[in-house]
Structures are given as structure tokens and as C-alpha cells.
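Enquirer: In the numbering used here, the protein residues as written are 23 to 136.
All C-beta atoms in this analysis are idealised placements derived from N, C-alpha and C, irrespective of residue type, glycine included.
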């Protein structure tokens with residue numbers, strides 16, 4: 023595992039131990055990151071799996087100018103009526119999704135509803 027991670031330029035950067043002094047959650051990245059114990063977890067924290075706060079810093083690369091192709095379809099989202107879109111989404115009865123126990127069926131059901 024160590025050699026594989028080194029080969030693809032990943033490093034494990036979590037140092038937060040659980041109540042037993044063990045490291046159970048691994049965070050692999052090729053970016054510089056900071057990991058701390060989460061001060062305000064969203065759910066009740068498990069003593070064996072402490073909540074983590076992971077922070078990454080990104081540096082914006084220079085803008086890349088992709089060649090334009092006249093045959094490519096382009097969407098102008100500035101012309102969209104987002105208010106009406108949101109209203110339409112609110113009118114949909116989503117309760118059928120609650121009956122789905124399989125994620126693929128749920129996805130197909132949602133697409134059919136849309």
C-alpha cells in the first residue's frame with residue numbers, strides 16, 4: 023500500500039487518534055491539507071471514529087483557453103428562469119423516492135419524475 027500511494031503521489035495526512043489512541047480514518051491526498059478534530063460535528067460523534075475537519079488550500083491556475091468548436095452545444099444559463107424552475111421542482115411529489123431501497127431504482131425514478 024505504501025509503495026502504491028507513493029507511486030501515484032498520495033500521502034496519508036490524518037494524525038487524529040480515537041479514544042483508544044488508534045488511527046482508524048485515513049485521508050489520502052496529493053494536495054497540502056490540514057486535518058483537525060471537528061468542533062461541531064453534524065451527528066453524534068462515535069468515540070472510535072472522531073469527526074474530522076479537513077481543509078485544503080487551492081491555488082488558481084492561469085486561465086486555460088480551450089479551442090472553440092462551432093459544433094459544440096452551449097447553454098446560456100443567464101437566460102434561465104431559475105425562479106420558475108425552483109417552483110416546478112417544489113410541485114413535484116417526491117414521496118415515491120422514499121419507497122426505493124435500491125439507489126439505481128431511486129435514480130431512475132427521479133429521472134422519470136423530472
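Judging by CA-CA distance, which residue of 109, 99, 131 and 46 is the nearest neighbour of residue 72?
Expert: Position 50 of the chain shown, counted from the start, is the residue given in the question as residue 72. Out of 109, 99, 131 and 46, 46 has the C-alpha closest to the C-alpha of residue 72.
Enquirer: Give every residue of the same chain whose Cβ lies closer than 8 Å to the Cβ of residue 51, excluding the five residues on either side of it in the sequence, and list them in chain order.
Expert: For this step, residue 51 is matched to residue 29 along the chain shown. Same-chain partners within the cutoff: 32, 33, 35 and 78.
Enquirer: Can you tell me which residues form a DSSP beta bridge with residue 68?
Expert: For this step, residue 68 is matched to residue 46 along the chain shown. For residue 68, which the question treats as bridged, DSSP gives the partners 71.
Enquirer: Quick check: residue 57 and residue 49, are their CB atoms within less than 7 Å of each other?
Expert: Position 35 of the chain shown, counted from the start, is the residue given in the question as residue 57. Position 27 of the chain shown, counted from the start, is the residue given in the question as residue 49. Yes, the pair counts as a contact, with Cβ atoms nearer than the cut-off.
Enquirer: Going by DSSP, what residue range makes up the alpha helix (DSSP H) through residue 129?
Expert: Taking the chain shown and counting its residues from 1, the one referred to as residue 129 is at position 107. Note, residue 129: alpha helix (DSSP H), 125-135.
Enquirer: Kindly indicate which three-state DSSP category residue 55 falls into: helix, strand or coil?
Expert: To locate residue 55, count along the chain shown from 1; it is residue 33. Reduced to three states, the DSSP call for residue 55 is strand.
Enquirer: Residue 74 and residue 60 look like a contact to me (Cβ under 8 Å); what is the Cβ gap, rounded to whole Å?
Expert: For this step, residue 74 is matched to residue 52 along the chain shown. For this step, residue 60 is matched to residue 38 along the chain shown. With a Cβ gap of about 6 Å, residue 74 and residue 60 count as contacting.
Enquirer: For the alpha helix (DSSP H) that residue 106 lies in, which residues bound it at each end?
Expert: Here residue 106 refers to the residue found at position 84 of the chain shown. Unbroken alpha helix (DSSP H) run through residue 106: 104-113.
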